[in-house]
Amino acid sequence: MKKLFPRSAIGTATLSLLALGSTTVLAQTPASTLKTITVTGNPLGSTDLITPATQYSGDGLLLRAKTTLGETLDGTPGVSSTYFGPNASRPIIRGLDGDRIRILSNGGGSLDASSLSYDHAVTSDPLSMERIEVLRGPGALLYGGSAVGGVVNVIDNRIPREAQFDDKGGISGKVDINAASGNSERGKGVLLEAGNQRYSLHVDAFDRKTSDVRVPRDLACTKTAVTTTARRICNSASDTSGGAVGGSVFFADGYLGASASNYRSTYGTVAEDRVTIGMKSDRYAMEGEIRNLHGPLQSIKAQYSQTDYSHTEFEGSRAGTVFTNKGSDLRLEARHARVGNIDGVLGVQTESNRFSAVGTEAFAPFSKTSQSALFAYEELGTDWGKWSLGGRAESVDVTSFGNPRVARFTPASRSFKPGSYALGALWNAAPGWQMTSNLAHTERAPRDYELFADGPHIATGAYEVGNANLAKEQSNNLDVGAAWKSGGHSFKVNTYVSRFKNYIALNQTTGVRRNAEDGEVNPTEDAGNTGFTASGAAFRPLAEFRYQQVRARFTGIEASGNIRLQEGASTVDLALRGDLVRATNLSNGQPLPRIAPWRVGASLLWASGPWGASVGFDHLAAQKRVPAAPTGASSAYTLWNAGSSYRIKAGAAALLWYARLDNITDKLAYSATSVLTSTAFPKAPLPGRSLKVGLQASF
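For what it's worth, the working numbering labels the leading residue of the sequence shown as 52, then goes sequentially.
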């Protein structure tokens with residue numbers, strides 16, 4: 052019953068990063084016989100990546116995990132979070148968010164409604180993840196024009212891709228339980244796998260409950276006619292659960308597997324005290340690969356998934372607006388035989404989804420989006436490094452069916468032919484030194500809501516109006532980087548500039564307001580109609596925002612490094628990080644909204660045998676570079692964090708005790724990248740001081 056590759060070793064290196072929030076602990080783990088492979092960074096499996104990439108796995112992911120994907124990745128150089136309270140946040144990469152960031156599940160499409168609105172959560176929970184890969188910049192064009200900002204690939208083992216046990220078979224797993232003080236979090240998860248050389252089965256389940264999140268100041272909360280104050284973010288409790296069953300059959304040169312997973316979450320929307328969201332997603336996936344072929348193709352890999360997503364916005368106990376999104380994704384990749392020093396993959400991808408929204412906040416019509424693409428990625432090896440060339444040609448059809456209950460939506464259809472390509476180079480400049488450069492042109496088709504929106508978006512305090520005449524969004528991008536490593540010392544830096552010919556921006560229309568109930572332009576306000584009805588329908592006029600195309604430029608720099616201060620049985624490291632991004636609307640000369648200020652951070656890391664500990668800080672400057680309206684300005688703040696871990700053996704199991712203390716000084720802070728900072732709604736600060744403790748048992 053011997054296991055060929057212990058789970059603690061798969062996907063980790065001899066030293067693993069135990070990230071505590073944005074603080075990092077360096078701890079010893081068993082050496083792995085497998086190399087870390089960032090699949091989305093290089094489909095050919097090379098560990099020398101031209102595209103800037105970061106990956107979190109194992110203990111590093113466990114000790115970094117927050118309640119949302121965006122907050123889990125926040126603090127990674129170049130990555131921030133949309134932060135709509137503790138229950139909904141999406142990653143922002145290099146100042147770009149929404150549909151310019153592609154979120155994948157095991158390299159395939161991940162379908163939800165998180166890009167439609169900031170209060171919609173991503174249907175991926177850190178408790179169920181085994182690894183997260185983050186690619187910054189447009190070098191991930193194999194995954195669509197919507198990946199101009201970058202790609203976040205959430206990886207699990209629900210479809211096993213390699214046999215983990217010998218012929219006698221075996222079973223392995225892990226159990227995690229944790230609790231936190233700041234939100235009264237109680238979380239637990241379990242994973243079991245069994246099999247032999249011919250097959251493998253996987254089962255996992257997780258559950259997490261939280262209460263309203265503690266903050267450093269009193270906030271007003273009105274759930275009925277009575278207003279109360281407390282040091283809590285009003286309506287920020289959550290109840291999340293999910294699980295999956297999967298398995299694979301292995302043969303001499305490949306595998307075939309399938310999985311079924313579900314995700315359920317009920318959580319409060321912090322901008323509306325009386326509104327909670329009941330979310331559910333069911334996903335079915337199949338995956339297979341044939342390797343070691345003879346002839347022009349070396350291997351063929353296929354992935355297919357189908358997702359049924361919906362969420363209901365409850366206004367008190369009554370169901371309000373219902374959003375649904377159903378779709379499928381098919382991806383085929385073929386790696387061709389080497390031609391001299393040229394290696395590469397060719398592929399095809401098709402996606403289709405149907406969206407609907409029914410209720411008072413149906414600000415987008417019923418729609419269908421279908422897209423198909425051909426893509427290729429080639430590498431040329433040289434004696435000094437390598438060149439890479441990638442391209443993608445897409446065909447996108449977006450159709451609005453109107454809405455049988457809302458007359459203002461007009462049926463219409465648009466078709467687009469985006470094309471994107473990227474050229475990259477990696478130069479092994481000297482021992483321990485690598486230089487990289489990427490030049491890319493990207494095109495993105497407008498989304499259904501960017502084209503056809505027309506309705507109230509209460510969560511963000513806006514009345515959104517689409518533009519059916521939008522053209523493809525086009526940009527040119529340049530990235531230059533350098534990396535150095537010598538023993539325990541390392542350093543990475545990347546600088547970039549992205550210039551958009553016709554960036555799709557949601558801009559406020561000067562002097563125009565709309566009635567949230569019927570869309571009337573500049574309605575007459577009276578004292579009796581300036582709030583919300585009991586059902587949540589708003590009489591209060593909302594500012595009108597329209598999707599418009601402008602010229603835009605994003606420039607920035609991101610850096611990280613490690614200094615080994617002490618070597619030996621005990622190690623001491625100083626980890627450094629920082630980034631800066633500037634985004635400008637070149638059409639009017641104003642800054643673009645919700646851009647992170649410059650950030651710097653440092654952590655002191657200690658590891659000795661089974662022990663690990665860290666203490667560190669992240670300083671965010673004041674963000675005064677904001678558009679005239681809404682302001683969205685934020686003050687500077689510094690957050691201190693600390694953590695510790697202890698690993699012991701208990702029979703056949705390995706026990707990892709861990710603790711993390713966030714916001715040690717209980718600092719009051721507001722996120723510059725959150726829409727809550729720039730709306731008329733009460734602002735939601737970042738969480739206050741919180742202690743999280745947990746135990747993970749692996750066997």
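All C-beta atoms in this analysis are idealised placements derived from N, C-alpha and C, irrespective of residue type, glycine included. Small disclaimer: the values here were computed from a predicted structure and weren't measured.
Boundaries around Phe503 are those of the alpha helix (DSSP H), Asp499 to Phe503, since no beta strand (DSSP E) includes it. As a beta-bridge residue in DSSP terms, Asn558 pairs with Arg597.
If you draw a straight line from the Cα of Val548 to the Cα of Arg151, it is about 15 Å long. A direct Cα-to-Cα measurement between Tyr598 and Gly195 gives close to 22 Å. In the same chain as Ala164, and ignoring 5 residues on each side of it, the C-beta atoms closer than 6 Å to its own belong to His171, Phe374 and Asn376, in chain order. Nearest C-alpha to Gly475 among Phe460, Asp530 and Leu112: Asp530. Residue environment: Asn343 is assigned as exposed (fewer than 16 neighbouring CB atoms within 10 Å of its CB, all protein chains considered). Judged by DSSP secondary structure, Asp380 falls outside any alpha helix (DSSP H) and instead within the beta strand (DSSP E) spanning Arg369 to Val390.
Ranking Ala701, Ile699 and Gly694 by CA distance to the CA of Lys743 puts Gly694 first. Membership of Leu690 in any alpha helix (DSSP H) is not indicated; the residue belongs instead to the beta strand (DSSP E) covering Tyr688 to Ala701. One Cα belongs to Asp630, the other to Thr174, and the distance between them is close to 28 Å. Counting only runs of 3+ residues, the beta strand (DSSP E) found wholly inside the stretch 289-342 occupies 289-302, 305-319 and 326-341, in chain order.
Straight across, the Cα-Cα distance linking Arg268 with Ile284 is about 9 Å. The three-state reading of DSSP puts Ile228 in strand, counting E and B together. With contact defined as three or more Cβ pairs closer than 8 Å, the stretch 488-498 and the stretch 381-397 are not in contact.
In the structure shown, Glu571 falls within a coil segment according to DSSP collapsed to helix, strand and coil. A contact between stretches requires three or more CB pairs, one per stretch, nearer than 8 Å, and the stretch 408-418 meets this requirement with the stretch 497-507.
The stretch 431-442 makes no contact with the stretch 195-206: fewer than 3 CB pairs, one atom from each, lie closer than 8 Å. With contacts defined as CB atoms closer than 9 Å, Glu236 and Ala245 fail to qualify as a contacting pair. Per DSSP, Asp717 lies in no beta strand (DSSP E) segment and is marked neither H nor E.
Distances from the CA of Val296 to each of Lys331, Ala322 and Asp255 were compared; the closest alpha carbon is that of Asp255. Cβ atoms of Gln600 and Leu521 come within 8 Å of each other, at about 6 Å. Contact between the stretch 614-621 and the stretch 693-710 is absent: fewer than 3 CB-CB pairs across the two stretches fall below 8 Å. The three-state reading of DSSP puts Glu122 in helix, counting H, G and I together. Under a 10 Å Cβ-count criterion, Phe302 is classified as exposed, with fewer than 16 other Cβ atoms of the shown protein chains found around its own Cβ. For Leu746, the enclosing beta strand (DSSP E) begins and ends at Ser741 to Ser749. A direct Cα-Cα distance of roughly 11 Å separates Arg145 from Arg604.
Within the DSSP secondary-structure output, Tyr250 pairs in a beta bridge with Val300.
The beta carbons of Ile328 and Glu340 sit about 37 Å from each other, so the pair does not count as a contact at 8 Å. When only Cα atoms are considered, Gly570 and Thr728 end up about 25 Å apart. Taking the Cα positions, Ala704 is about 20 Å away from Ser179.
Rounded to the nearest whole angstrom, the CA to CA distance from Glu609 to Phe542 is 11 Å.
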